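There are 2 protein chains.
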Amino acid sequence: MEDLRDDRDSWSSENCSVARAMDIVGSRSTVLIMREALLGTRRFDDFVRRVGVGEPAMAARLKEMVAAGLLERIPYREPGQRTRHEYQLTRKGRELLPVITALRNWGDTWAADDAGPSIVATHHDCGEPVRAVLRCAAGHEMADGDIDIAAGPGLIRRG
Amino acid sequence: MEDLRDDRDSWSSENCSVARAMDIVGSRSTVLIMREALLGTRRFDDFVRRVGVGEPAMAARLKEMVAAGLLERIPYREPGQRTRHEYQLTRKGRELLPVITALRNWGDTWAADDAGPSIVATHHDCGEPVRAVLRCAAGHEMADGDIDIAAGPGLIRRG
DNA sequence: GGGCTGACTTGCGTTTGCATAAGCCAGCGA
DNA sequence: TCGCTGGCTTATGCAAACGCAAGTCAGCCC
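Read top to bottom, the protein sequences are chains A and B.
Under this note's numbering, the first residue of the first sequence is numbered 16, with each subsequent residue one higher.
Under this note's numbering, the first residue of the second sequence is numbered 16, with each subsequent residue one higher.
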């Protein structure tokens, strides 16, 4: 099994999933909106207050995220109230949870304030803290030294 | 065990590790530089070529990343060449691998082009593909529905 | 039909990110 | 000592992101 890192210049990163993911969720406010959405927030003014960005920025961001398929704009009606809209996570959006969790883990370790982390994700069944870890399809958990880089079907070779 | 999502307005996200992580690695180019660094790139012009940003932006980004402790600027000398500097990952930087991996997984699933992913991380020992997954300290792997949000020591409660 | 409220939109000015083009500088080889 | 090369820095300008302040609009309540 060849490791592509050994000949990094024989292939290009044009078709890169990391870059494409960053085009969609690459801005600070988008990530913070995802954090809130994953914590259950759904309404416009709750997002504004909890994320801490202004209304114009929030409106623009939410519109982009609906267009990108991370959120869905759903009408709802509370009794005695007019019809409003809320922003619900789609599957595409919910599946960003490992990204947000990995970011939170890293921030807890390397960028926390003196008091320690403010919130901890825990396993509902056993109460133990949850982390994003690297695991192979055979079930082995690993550190970064145990990883090779192999070619996928979309690899663009050079020369 | 209380779930903090049930009373989201009783606490604030001021002290948030996700936000602080985004302040450090929140820009597209920083993430792409981390991608390349984790693939083994170390030299200035290799970063410029492989990441696809201009030299001024790269110089500024690398300087920030060294200041943030993600990279270290190390002098080296190839025989017959003058002394140069390369950018090596620190432990702080290397530990972003789960974040980058989670982003790549998500991009492969939700933002890939028709050809499929260009590269696949595999386990060196068994060759199976590697993913970032959520796992609790007791060893259970889980989906997003199995997660509670508990208070950490740094939580800021309100009124 | 007039007020109120949640959910935006508009306008303006600032900051940040990045591109392009050009210039600088250290030192090795000749 | 002179040119070459890798590794930047400087100059300039555009475009996107964001904050603040103010305005709009829909419709339920009265």
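For glycine and all other residues, C-beta sits at the position ideal for the given N, C-alpha and C.
Predicted model only: the values in this text are computed from it and were never measured.
Think of a sphere of 9 Å around the beta carbon of B:Val68: no beta carbon from chain A falls inside it, the nearest being about 11 Å out.
Contact of A:Val135 with chain B is assigned, a C-beta pair being separated by under 9 Å. Secondary structure of B:Val68 (DSSP, three-state): coil. For the pair B:Val114 and A:Trp121, the CB atoms are nearer than the 9 Å cut-off. DSSP lists B:Leu104 as the beta-bridge partner residues of B:Leu86.
Positions of the beta strand (DSSP E) runs, each at least 3 residues long and wholly inside the segment 104-134 of chain B, cannot be given because no such run exists. In the three-state reduction of the DSSP assignment, B:Asp38 falls in the helix class. Remark: C-beta atoms of A:His138 and B:Cys151 approach each other more closely than 9 Å. Residues of chain B whose Cβ lies closer than 7 Å to the Cβ of A:Ala166 are, in chain order, Ile134. Among the residues of chain B, those whose CB is under 7 Å from the CB of A:Ile115 are Val33, following chain order. Shown here, A:Thr56 sits in coil according to DSSP, grouped into three states, outside any helix or strand. A:Tyr102 counts as buried, since no fewer than 16 other beta carbons sit within 10 angstroms of its beta carbon. For B:Met80, not one C-beta of chain A is nearer than 9 Å to its own C-beta. Straight across, the Cα-Cα distance linking B:Trp26 with A:Ser25 is about 51 Å. Within 10 angstroms of the beta-carbon of B:Asp123 lie 16 or more other beta-carbons, which makes it buried. Annotation for A:Thr56: Phe62 and Arg65 place their beta carbon closer than 7 Å to its own, counting only its chain and skipping 5 residues before and after.
Look at B:Ala165 here: in three-state DSSP terms it is strand.
By the C-beta criterion, the segment 155-167 of chain A is judged to be in contact with the segment 138-148 of chain B, since at least 3 inter-stretch pairs fall below 8 Å.
Think of a sphere of 7 Å around the beta carbon of B:Glu17: no beta carbon from chain A falls inside it, the nearest being about 11 Å out. When DSSP states are grouped into helix, strand and coil, B:Ala74 belongs to the helix group.
In the same chain as B:Val148, and ignoring 5 residues on each side of it, the C-beta atoms closer than 8 Å to its own belong to Glu156, in chain order. The beta carbons of B:Ser44 and B:Arg76 sit closer together than 9 Å. In this structure B:Ala130 does not touch A:Pro132 by the C-beta definition: roughly 40 Å separates them, more than the 8 Å allowed. Using a Cβ-Cβ cut-off of 9 Å, B:Arg76 is close to nothing in chain A; its nearest Cβ partner there is about 14 Å away.
For B:Glu101, no Cβ of chain A is located within less than 9 Å of the residue's own Cβ.
For B:Arg23, there is no enclosing beta strand (DSSP E), since its DSSP letter is neither H nor E.
Contact between B:Leu54 and A:Arg23 holds, with the beta-carbon distance rounding to 6 Å and staying under 8 Å.
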